[in-house]
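Residue numbers (the numbering used here), protein chains in the order written: chain A, 106 to 346; chain B, 5 to 326. For every residue, glycine included, the Cβ atom is placed at its ideal position computed from N, Cα and C. Taking it in order: structure first as structure tokens, then the write-up.
Put into structure tokens, the structure is as follows:
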């Protein structure tokens, strides 16, 4: 793919004795939203953790902006401009909302325009700026995790199941926020189980099963093909509307 | 109320024992307990951060305490003139030299210990226990080889000898000085941890190291700095404890290690505020119980730890999932 910012090429990852990824191949085009879909246990989270160097791939290559990052330590990968929001959100409960955001900024601290943008996206965080993040609701923690990922300009935003366990109203809010990021041409790799969100945001899609990519293509095509959805994901769009 | 309870524990303990002793005894014991607590805090604060940041159980921490104590003897020995001088400036200079030497030597020893041994056993508590207990034994033998097995006397600077009357209670001058030094170090650590970027990263790293790395920070490098600082603080604590005891033996660090671990566990692994509160509680309990029921003094700190863990199983100020 000529405009790929991130590529997985034959990536195998073991966790202890378990062989989780079996030669994963897919690409994330620059300026687009790529959805990584699949049933529970398909290997989506492992793929993201392998990308971030949190679990080292045993074989294959992960390249970012043309550079092989498969062997780099996690901090070096992050410093290339990749922001990661894990499934657990990774919020520091004992730190304030402000401190959680500050951690993700450069040495100069907050850039006022970026901070204003983030707080405009999630105004509730401004109201709770000085409060401990541990006291936030689940949805607010997810907003904080996403805000932390975008408080500085990054080349790639990697988000693992942001809607998991959240109320429908919060999910709608998150979809709106991601749509604004998409409109700003932010490159996003998004793992998601909520097909409605995937349909609303995705430009391209990769579907995983048993540690392999079993489908790649346009999100719109998958959204239009209920048979394919049922075969790949065990669901139909109609059931989620 | 449940969140405030740990903060109220310290004044509650102080007030609870008041009816059982005279006003002057209470004041003298409280100052003695706080002084002991401050020195314990110096020795324990590095250990709690080392555990919190990298999950490293370092039983060799007592070796840095011992090294600090012996360095104080070696520095103050040739400075006897300054130590016994009437000039408070010379007294303080001698003390400062001893404390600085203890901090530097323990910090350098910590740097070498981390690079040679600790780095190889990340992620394995069993290996950490074995290798650090072994390190403590080797450190003890090295101390004996360098300074000899016999107890060594150590004189306090003239200005810190003796005592004074405060509201009818006799207060040892050195204890007040220890309280002051401990408060200054605590305030410094508090400011460093709460007002600087490095402190922010350390606090975040204690809670979730992996996420801090995913934000681009090299936690391993930070850990080395924390390990060295923790070792240096243990050295300062050892030097101050040696001055307080006025007689040191090669087992001084090993003896303090038990109390230091009790402090860290009571406070909550990885919590500096918890470590401070735990140290004060241990110091106060040792002095109050020693006065009220001397036969129980030996087990008072273990009993305190058991009681607190029954109440709050993860310590007074638990951090993250620790």
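So, is the C-beta of residue 179 of chain A closer than 7 Å to a C-beta in chain B?
Counting from one through the first chain, the residue named residue 179 of chain A turns up at place 74. Taking CB atoms only, residue 179 of chain A has a neighbour in chain B less than 7 Å away.
Counting Cβ pairs closer than 8 Å, one from the stretch 233–248 of chain B and one from the stretch 241–252 of chain A, do we hit at least three?
By the Cβ criterion, the stretch 233–248 of chain B is not in contact with the stretch 241–252 of chain A, since fewer than three pairs of Cβ atoms, one from each stretch, lie closer than 8 Å.
Nearest-angstrom Cβ-Cβ length linking residue 305 of chain B and residue 266 of chain B, presumed shorter than 8 Å
Locating residue 305 of chain B in the second chain gives position 301, counting from the first residue. Locating residue 266 of chain B in the second chain gives position 262, counting from the first residue. About 5 Å separates the beta carbons of residue 305 of chain B and residue 266 of chain B, which is inside the 8 Å limit, making them a contact pair.
Presumed contact (8 Å Cβ cut-off) between residue 194 of chain A and residue 250 of chain A, rounded CB distance
Looking up residue 194 of chain A in the first chain gives position 89. Looking up residue 250 of chain A in the first chain gives position 145. Rounded to whole angstroms, the Cβ separation of residue 194 of chain A and residue 250 of chain A is 4 Å, and the two are in contact under 8 Å.
Does chain A have any CB closer than 7 Å to the CB of residue 208 of chain B?
Reading the second chain from its first residue, position 204 is the one you call residue 208 of chain B. Under the Cβ distance rule, residue 208 of chain B counts among the residues neighbouring chain A, one pair being separated by less than 7 Å.
Would residue 215 of chain B pass as an interface residue toward chain A - the criterion being a Cβ-Cβ separation below 7 Å?
Position 211 of the second chain, counted from the first residue, corresponds to residue 215 of chain B. So, interface residue.
Residues bridged to residue 174 of chain A by DSSP?
Taking the first chain and counting its residues from 1, one reaches residue 174 of chain A at position 69. Its beta-bridge partners do not exist; DSSP assigns none.
Limits of the unbroken beta strand (DSSP E) element including residue 194 of chain A
Taking the first chain and counting its residues from 1, the one referred to as residue 194 of chain A is at position 89. Unbroken run through residue 194 of chain A: none, as it is neither H nor E.
Less than 8 Å between C-beta atoms, sequence neighbours within five positions excluded: which residues of the same chain meet that for residue 271 of chain A?
Position 166 of the first chain, counted from the first residue, corresponds to residue 271 of chain A. Once the five neighbours on either side are set aside, the close Cβ partners of residue 271 of chain A are 243, 244, 247, 279.
Are the C-beta of residue 199 of chain A and some C-beta of chain B separated by less than 7 Å?
Translated into positions along the first chain, residue 199 of chain A becomes position 94. Closer than 7 Å: yes.
Distance between residue 281 of chain A and residue 50 of chain B (C-alpha atoms, nearest Å):
For the purposes of this step, residue 50 of chain B is identified with residue 46 of the second chain, where counting begins at 1. For the purposes of this step, residue 281 of chain A is identified with residue 176 of the first chain, where counting begins at 1. Taking C-alpha positions only, residue 50 of chain B is separated from residue 281 of chain A by approximately 46 Å.
Once DSSP output is grouped into helix, strand and coil, what is the label at residue 252 of chain A?
In the first chain, residue 252 of chain A corresponds to position 147, counting from 1. Three-state DSSP puts residue 252 of chain A in a helix.
Kindly list, in the order they appear in chain B, the residues whose Cβ is closer than 8 Å to that of residue 157 of chain A.
Start at 1 with the first residue of the first chain, and residue 157 of chain A comes out as number 52. Within 8 Å of the CB of residue 157 of chain A, the CB atoms of chain B belong to 218, in sequence order along the chain.
Please check the pair residue 308 of chain B and residue 289 of chain B, which I expect to be a contact at CB under 8 Å, by giving their CB distance rounded to whole angstroms.
Mapped onto the second chain, residue 308 of chain B falls at position 304. Mapped onto the second chain, residue 289 of chain B falls at position 285. Sure, about 5 Å apart at Cβ, within 8 Å.
Quickly, what does DSSP pair residue 142 of chain A with across the bridge? List them, please.
For this step, residue 142 of chain A is matched to residue 37 along the first chain. In the DSSP assignment, residue 142 of chain A forms a beta bridge with A:312.
Along the stretch 215–249 of chain B, where does the CB come closer than 8 Å to a CB of chain A? Name the residues.
Residues of the stretch 215–249 of chain B with a Cβ closer than 8 Å to any Cβ of chain A, in chain order: 215, 216, 217, 218, 219, 220, 221, 222, 223.
CA nearest to the CA of residue 211 of chain B, picked from B:22, B:27, B:322, B:69
Residue 211 of chain B sits at position 207 when you count from the first residue of the second chain. B:322 is the residue among B:22, B:27, B:322, B:69 whose C-alpha sits nearest the C-alpha of residue 211 of chain B.
If you draw a straight line from the alpha carbon of residue 160 of chain A to that of residue 132 of chain A, how long is it in whole angstroms?
The residue given as residue 160 of chain A occupies position 55 in the first chain. The residue given as residue 132 of chain A occupies position 27 in the first chain. Taking the straight line from one Cα to the other gives about 19 Å.
Report yes or no: do three or more beta-carbon pairs, one from the stretch 32–51 of chain B and one from the stretch 186–193 of chain B, lie closer than 8 Å?
Contact holds: three or more Cβ-Cβ distances are below 8 Å.
Quick check on the burial criterion: 16 or more other C-beta atoms within 10 angstroms. Buried or exposed for residue 262 of chain B?
Counted from its first residue, the second chain places residue 262 of chain B at position 258. Exposed.
Could you pull the DSSP bridge partners for residue 129 of chain A from this structure?
What you label residue 129 of chain A is simply residue 24 of the first chain in a count that begins at 1. As computed with DSSP, residue 129 of chain A is found in a beta bridge with A:116.
Ignore the nearest five residues each way along the sequence and tell me which others in residue 36 of chain B's own chain have a CB closer than 6 Å to its CB.
Taking the second chain and counting its residues from 1, one reaches residue 36 of chain B at position 32. Result list for residue 36 of chain B: 179, 291, in chain order.
Please specify which runs of the beta strand (DSSP E), each continuous and at least 3 residues long, are wholly inside the stretch 130–211 of chain B, giving them in chain order.
Entirely contained in the stretch 130–211 of chain B, the beta strand (DSSP E) runs reaching 3 residues are, in chain order, 167–170, 173–176.
Which whole-angstrom value describes the C-beta separation of residue 238 of chain A and residue 201 of chain A, a residue pair presumed to lie in contact below a C-beta threshold of 8 Å?
The residue labelled residue 238 of chain A in the question sits at position 133 within the first chain. The residue labelled residue 201 of chain A in the question sits at position 96 within the first chain. Between residue 238 of chain A and residue 201 of chain A the beta-carbon gap is near 7 Å, inside 8 Å, which marks them as a contact.
Proximity test, Cβ basis, 7 Å: residue 174 of chain A and chain B:
Looking up residue 174 of chain A in the first chain gives position 69. It does not; no Cβ of chain B falls within 7 Å.
Contact set between residue 189 of chain A and chain B, taken where Cβ atoms lie within less than 7 Å:
In the first chain, the residue the question calls residue 189 of chain A occupies position 84. Under the 7 Å cutoff, chain B gives 218.
Along the alpha helix (DSSP H) that carries residue 104 of chain B, what are the first and last residues, could you check?
Position 100 of the second chain holds residue 104 of chain B. Here the alpha helix (DSSP H) through residue 104 of chain B covers 92–120.
Does the beta carbon of residue 115 of chain A come closer than 7 Å to any beta carbon on chain B?
Against the first chain, residue 115 of chain A aligns to sequence position 10. So no, residue 115 of chain A is outside the interface.
How many angstroms separate the CA atom of residue 282 of chain B from the CA atom of residue 232 of chain A?
Here residue 282 of chain B corresponds to residue number 278 of the second chain, with the count starting at 1. Here residue 232 of chain A corresponds to residue number 127 of the first chain, with the count starting at 1. About 35 Å.
May I ask whether a heavy atom of the ligand MN can be found less than 6 Å away from the beta carbon of residue 283 of chain A?
Although the ligand MN was asked about, the structure shown includes no ligands whatsoever.
Coil, strand or helix - residue 321 of chain B by DSSP
Residue mapping note: residue 321 of chain B aligns to position 317 of the second chain, counting from 1. In this structure, residue 321 of chain B counts as coil in the three-state DSSP scheme.
To the nearest angstrom, report how far apart residue 177 of chain B and residue 213 of chain B are at their CA atoms.
Residue numbering aside, residue 177 of chain B sits at position 173 when the second chain is read from its first letter. Residue numbering aside, residue 213 of chain B sits at position 209 when the second chain is read from its first letter. Spanning the two alpha carbons is a distance of roughly 43 Å.
Taking the C-alpha atoms as reference points, what is the distance between residue 178 of chain A and residue 218 of chain B?
What you label residue 178 of chain A is simply residue 73 of the first chain in a count that begins at 1. What you label residue 218 of chain B is simply residue 214 of the second chain in a count that begins at 1. Cα-Cα distance, rounded: 10 Å.
Answer with buried or exposed for residue 315 of chain B, where buried requires no fewer than 16 other C-beta atoms within 10 angstroms of its C-beta.
Reading the second chain from its first residue, position 311 is the one you call residue 315 of chain B. So residue 315 of chain B counts as exposed.
Restricting to Cα atoms, I'd like to know which of B:140, B:11, B:54 is closest to residue 229 of chain B.
In the second chain, the residue the question calls residue 229 of chain B occupies position 225. Looking only at B:140, B:11, B:54, the smallest Cα-Cα distance to residue 229 of chain B is reached by B:54.
What residue range is occupied by the uninterrupted alpha helix (DSSP H) comprising residue 261 of chain A?
Within the first chain, residue 261 of chain A is the residue found at index 156, counting from 1. Unbroken run through residue 261 of chain A is the beta strand (DSSP E), 261–265; no alpha helix (DSSP H).
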